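Take a look at the structure below.
There are 2 protein chains.
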Amino acid sequence: MYYFSLFFFYGVIVSKNTKLTRSEIKRQDIIDAACQAFQEFGVQATSMDKIAELAQVSKRTVYNHFATKQALVVYLLNEIRTRTLVDVDIDTTYDPLRSVESKLLTLITAEINLYSCGHYIDLTRMAFGHFLYHPEELKRELDKVMTQETAFQRYLRSACEHKQLNIPDIKFATDQLQNLIKGSCFWPQFLKIEAPLTDEQKHHIATESAAMFLARYNNK
Amino acid sequence: MYYFSLFFFYGVIVSKNTKLTRSEIKRQDIIDAACQAFQEFGVQATSMDKIAELAQVSKRTVYNHFATKQALVVYLLNEIRTRTLVDVDIDTTYDPLRSVESKLLTLITAEINLYSCGHYIDLTRMAFGHFLYHPEELKRELDKVMTQETAFQRYLRSACEHKQLNIPDIKFATDQLQNLIKGSCFWPQFLKIEAPLTDEQKHHIATESAAMFLARYNNK
DNA sequence: GAAGTAAACTACACTCATTAGTTTACTTTT
DNA sequence: AAAAGTAAACTAATGAGTGTAGTTTACTTC
Chain E
36 MYYFSLFFFY GVIVSKNTKL TRSEIKRQDI IDAACQAFQE FGVQATSMDK IAELAQVSKR
96 TVYNHFATKQ ALVVYLLNEI RTRTLVDVDI DTTYDPLRSV ESKLLTLITA EINLYSCGHY
156 IDLTRMAFGH FLYHPEELKR ELDKVMTQET AFQRYLRSAC EHKQLNIPDI KFATDQLQNL
216 IKGSCFWPQF LKIEAPLTDE QKHHIATESA AMFLARYNNK
Chain H
36 MYYFSLFFFY GVIVSKNTKL TRSEIKRQDI IDAACQAFQE FGVQATSMDK IAELAQVSKR
96 TVYNHFATKQ ALVVYLLNEI RTRTLVDVDI DTTYDPLRSV ESKLLTLITA EINLYSCGHY
156 IDLTRMAFGH FLYHPEELKR ELDKVMTQET AFQRYLRSAC EHKQLNIPDI KFATDQLQNL
216 IKGSCFWPQF LKIEAPLTDE QKHHIATESA AMFLARYNNK
């Protein structure tokens with residue numbers, strides 16, 4: 036049976052393009068089951084027995100692949116980190132042929148789409164559920180992510196250097212822009228209190244966020 | 036012994052201004068202990084034995100006051116709701132003698148101070164920890180809060196009516212403003228990934244949020 | 001293609017710790 | 001004396017992790 040997870044590893048597995056051993060399949064089943072259960076019920080409320088049952092695998096097999104529950108959690112969390120680290124892969128240098136507004140819209144839209152990805156939300160939910168009462172750990176993990184400059188920051192700096200924008204504090208302005216977006220596109224989804232956004236809603240939020248940002252920082 | 040909780044009931048108890056029975060004291064000890072433990076470790080990770088120990092009360096006494104653990108959680112959560120429902124108590128009609136900017140700053144500052152209150156953060160943390168995997172319940176609770184108009188909304192509407200601001204969608208604009216503030220003042224604190232804000236930081240965020248908002252919506 | 005082998009899987013019974021909730025026999029407060 | 005508190009032992013369930021004896025799979029080797 037040819038099998039490749041649509042979720043983890045799919046780049047790797049597909050390019051490997053080979054049969055998976057039964058062991059690999061089982062392992063993947065365990066990971067998928069754990070991922071799903073952790074997201075749905077939380078780490079605490081998910082027993083190893085439950086995971087084994089969901090994965091249709093004996094409990095012993097779960098323990099053959101992951102020595103402890105903690106090991107399973109840590110494994111999944113690392114997957115999250117590598118997954119969410121993919122920064123928006125867009126050219127971030129100022130282009131005189133293109134309006135700042137248009138470029139900004141592209142960047143914002145990319146960010147919104149990241150937040151709209153079901154996996155992204157589900158995985159951060161799982162991570163936060165785990166870390167909510169382990170703030171030191173959370174901080175350590177986040178620091179790894181925080182230190183890198185975002186696509187926003189790079190572009191804003193570039194546009195400032197070309198005198199298109201006038202931003203005294205680029206880091207602060209980036210946060211403002213991100214807050215405008217996250218407040219509407221990330222947090223409500225994260226708390227599952229709002230239905231997924233339609234394309235029109237996304238577009239509206241993107242244009243309005245850009246409008247407000249430019250109203251403040253456009254160099255006129 | 037005269038006793039009044041600095042946390043729950045203090046308005047009530049102080050005005051009652053009378054001796055508390057031992058039973059009432061014990062009950063309060065239990066509530067305080069549960070509140071603290073739930074916030075620190077989460078509901079799941081806090082056992083009734085632990086609460087009894089923290090409250091320096093026998094386990095049976097805990098059960099005399101609260102029939103089940105669930106009952107204790109529900110009780111505390113209701114306290115949260117009534118506590119956080121206190122809206123900013125500021126006059127929200129447009130005053131021609133005062134600049135919109137100044138008034139907005141006052142409102143924003145009040146909002147920031149609410150978020151900066153340790154209790155507010157701790158209690159929402161507890162609530163979210165509990166509700167993160169009970170979205171339907173969360174939604175139901177939030178709906179009770181969401182339906183009421185915020186102080187922001189009332190003032191913005193009033194200022195629009197006096198042609199001081201030009202806001203096509205007041206609800207949306209309110210969200211934008213709130214997102215600007217929450218992104219810096221609430222969420223980082225909520226996740227305990229940022230130290231509490233200094234007064235300077237608060238002031239900076241307040242002025243910058245107002246500046247961006249007015250750059251977009253000021254009627255000039 | 002048949003037989004052999006090591007690794008991985010299975011079912012299941014087990015230990016040990018924790019936790020929600022109860023019961024009992026006795027003491028303190030009001 | 002009634003109401004409320006106490007310590008301590010108890011039940012019943014759950015859940016992490018282990019040990020074991022037997023089975024399946026994949027991959028040789030003949």
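Protein chains in written order, with this note's numbering: chain E, 36 to 255; chain H, 36 to 255.
Positions of the beta carbon are idealized from the N, C-alpha and C atoms, including for glycine.
Please read these numbers as outputs of a predicted model, since none were measured by experiment.
Proximal residues of chain E, C-beta to C-beta of residue i below 8 Å
i, result
"residue 149/H", "Within 8 Å Cβ-Cβ: nothing; residue 149/H doesn't reach chain E, min ~16 Å."
"residue 251/H", "246, 247, 250 and 251"
"residue 160/H", "167"
Residues near residue i in its chain [Cβ-Cβ closer than 8 Å; skip 5 each side]
i, result
"residue 198/E", "254"
"residue 147/E", "216, 220, 232, 237, 240 and 241"
"residue 131/E", "197"
Contact set for residue i: own chain, Cβ-Cβ below 7 Å, skip 5 residues either direction
i, result
"residue 85/E", "72"
"residue 142/E", "123, 125, 186, 187 and 190"
"residue 92/E", "61, 64 and 65"
"residue 252/E", "200, 201, 202 and 208"
"residue 250/H", "none"
"residue 83/E", "94, 97 and 104"
"residue 223/H", "229"
"residue 157/E", "74"
Beta-carbon proximity of residue i to residue j, cut-off 8 Å
i, j, result
"residue 208/H", "residue 144/H", "no"
"residue 218/H", "residue 210/E", "yes"
"residue 245/E", "residue 136/E", "yes"
"residue 159/H", "residue 225/H", "yes"
"residue 151/H", "residue 94/H", "no"
"residue 111/H", "residue 70/H", "yes"
"residue 139/H", "residue 221/H", "no"
"residue 215/H", "residue 214/E", "yes"
"residue 80/H", "residue 79/E", "yes"
Within chain H, partners of residue i - CB distance below 7 Å
i, result
"residue 215/E", "211, 214 and 215"
"residue 262/E", "This structure does not reach residue 262/E, given that chain E is present from 36 up to 255, and the question cannot be answered."
Buried versus exposed, by CB contacts within 10 Å (16 or more), residue i
i, result
"residue 77/E", "buried"
"residue 162/H", "buried"
"residue 243/H", "buried"
"residue 235/H", "exposed"
"residue 74/E", "buried"
"residue 109/H", "exposed"
"residue 50/E", "Confidence at residue 50/E is low in this model, with a pLDDT of 37, below 50, so the placement of that residue should be treated as unreliable; the coordinate-derived value is given next. When all chains shown are included, residue 50/E counts as exposed."
Check: residue i C-beta below 7 Å from any heavy atom of the ligand GDP
i, result
"residue 232/E", "The ligand GDP is absent from the structure shown, which contains no ligands of any kind."
Own chain residues within Cβ distance below 6 Å of residue i, not counting five before or after
i, result
"residue 129/H", "193, 194 and 197"
"residue 107/H", "69 and 101"
"residue 90/E", "64, 65 and 68"
"residue 227/H", "none"
Cross-chain neighbours of residue i in chain E, by beta carbon under 7 Å
i, result
"residue 219/H", "210 and 214"
"residue 270/H", "What is shown of chain H runs 36 to 255, which leaves residue 270/H out entirely."
Beta-carbon separation (whole angstroms), residue i vs residue j, contact threshold 8 Å
i, j, result
"residue 167/E", "residue 164/H", "5 Å"
Where residue i meets chain E, residues with beta-carbon distance less than 9 Å
i, result
"residue 186/H", "In chain order: nothing, as chain E lies at least about 18 Å away."
"residue 80/H", "79 and 168"
Closer than 8 Å at the beta carbon, the chain H residues around residue i
i, result
"residue 153/E", "Simply none; closest approach about 14 Å."
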